[in-house]
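First comes the structure, then the notes that go with it.
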Amino acid sequence: MKAYLNQLPSLVSQQKSRLFIFSGDDAFLVQEACQLVRKLLSGEGFLERKLFMIDGAFDWDSILFENNSLSLFAEKKLIEIRVASKAPREKGTKALQELVKNSDQNTAVIITFPKLEARVLKAKWFKDIQALAAHIQIWPISEKDLPKWIASRLEGAGLQATTEALKELSKRIEGNLLAAAQEIERLKLTVVDREITVDDVKSSVSDNSRFDIFKFLDTVIKGDVSRSFRILEALRIEGVEPLFICNMLSRELKILESIKFEANHGKSLSKAIRDAGVWETRKILISNAVQRLELHSIRKMLLMVGVVDRVVKGEQIGDPWTSIQDMVLDFSGIKTCLASL
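Numbering (this note's numbering), first residue to last: 41 to 381.
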């Protein structure tokens, strides 16, 4: 069944659903929704959690085995599945159908997808699991609605801001909700018992080294290698985690991939950019990058994000900073080791 975020508390407390599907391209909003469900379920006794990250070589039988096995630590358990692709292949779709069909009241399931295309939503396998689960589609926050979202977030943190402050923060984060959430936490520590002003926002953002990441992203997308390398080195010295940088690059790459794919299949570039929710101030930047890069190059860089993740976790030998430099070079069109991926 289709559901909405504000229905989650009642769905869990009234045991209307133990199966949840979230789909959307804003990873921050999707993970916040998952976090809310996890919190609600823990209050219902679901204390054990098993997380499965789905990639091309994933063994789907492991999920079915977990569903059929008894919990060693708690009576109730949560199985969480993160699907990176827009639709798994046949073995994956069959496994998801079987999982949802055979889960009992002592097993809760959360499945997350990127934004699902109409053909997937109409597919029989998806309709089968949607009939047994609560499906919540997570839509991105538009440029117009961002100040309202920030105001609501501030209110939840016990803060208020002037209209000018909301506009300034919206302008500076350019749609990155993770950055907005981090900045709100920062303001919570520095502004006490008064309304946040535009000067508070400017001061806080200028002191926050994490906002240098946005300069880095723009120079990378422009293909400006020398400046990108200088900013990357500054981020490294400041102690910014390479995985954070890579995740931010991944977000940009997924946007570029979506636009390039649509443009390659007949949609006008301007409409593809508009449909992707690109902010007005970045449309020229993104348009130039889409015209410069080939789809296969964008997808190779997305693979490199996975390489950096494995290197950081110690699962693969290598230097994450060198891998990010390779991505910068590939953005500019300079051939690197990515060509062998």
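Ideal Cβ positions, reconstructed from N, Cα and C, are used throughout, including at glycine.
| Candidates K307, S290, L81 and D99: closest to L344 by CA position | Rather than Leu, the amino acid found at residue 344 in this sequence is Met. With distances taken between Cα atoms, M344 lies closest to S290.
| Three-state secondary structure assigned by DSSP to V272 | Just to set this straight, residue 272 is Leu in the shown sequence, not Val. It is helical.
| field | Buried versus exposed call for G196 [16 or more other C-beta atoms within 10 Å across all chains shown] | value | exposed
| message | According to DSSP, is A148 part of a helix, a strand, or is it coil? | response | strand
| field | C-alpha gap between L104 and L293, whole angstroms | value | 32 angstroms
| query | Straight-line CA distance for T321 to K141? | reply | 47 angstroms
| request: Can you have a look at G306 and say buried or exposed, based on whether 16 or more other CB atoms are within 10 angstroms of its CB? | output: exposed
| message | Can you tell me whether I119 is helix, strand or coil according to DSSP? | response | strand
| When DSSP labels each residue in this structure, what does S249 get in the three-state scheme? | Low confidence applies to S249: its pLDDT is 48, below 50, so where it sits in the model is not reliable, and the reading given next is rough at best. Correct three-state label for S249: helix.
| When the distance is taken between beta carbons, is W165 closer than 9 angstroms to R276? | no
| Burial state of S249 (16 or more Cβ within 10 Å) | Any reading at S249 must be qualified, since the residue scores a pLDDT of 48, below 50, and its modelled position is unreliable; no value is offered.
| query | Considering only residues of the same chain and omitting the five flanking positions on each side of R89, which have a CB-CB separation below 6 angstroms? | reply | L118
| request: Please state whether DSSP places M341 in a helix, a strand or coil. | output: helix
| request: Measure the beta-carbon distance from L35 to I338 and round it to whole angstroms, keeping in mind my assumption that it falls under 8 angstroms. | output: Any answer about residue 35 is impossible in this case: the structure gives the chain only from 41 up to 381.
| request: Name the residue from Q71, S372 and L69 whose alpha carbon lies nearest to the alpha carbon of V265. | output: S372
| task | From the DSSP output, read off the bridge partner residues of M93. | result | R122
| query | Should F86 and A148 be called a contact, given that it needs their Cβ atoms to be closer than 9 angstroms? | reply | yes
| request: Just tell me which of L209, K134 and L283 has its CA closest to the CA of D99. | output: K134
| task | Return the residue from the list V330, E157 and L139 that minimises the CA-CA distance to I150. | result | L139
| task | Please confirm if the region 74–85 is in contact with the region 49–56, defined as three or more CB-CB distances below 8 angstroms between the two stretches. | result | yes
| Where does H336 sit, in a helix, a strand or coil, going by DSSP? | helix
| Endpoints, the alpha helix (DSSP H) within which P137 is located | Correcting the residue identity first, residue 137 is Gln in this sequence and not Pro. Its alpha helix (DSSP H) spans residues E130 to N142.
| field | Closest by C-alpha distance to L325, when choosing among E223, K262 and H336 | value | K262
| message | Using a 10 Å radius around the Cβ and a threshold of 16 neighbouring Cβ atoms, would you call I213 buried or exposed? | response | buried
| said: Does I324 come out as helix, strand or coil in the three-state DSSP assignment? | reply: helix
| message | Just to check my reading of the structure: L209 and E223 have Cβ atoms closer than 8 angstroms, yes? What is that Cβ distance to the nearest angstrom? | response | 7 angstroms
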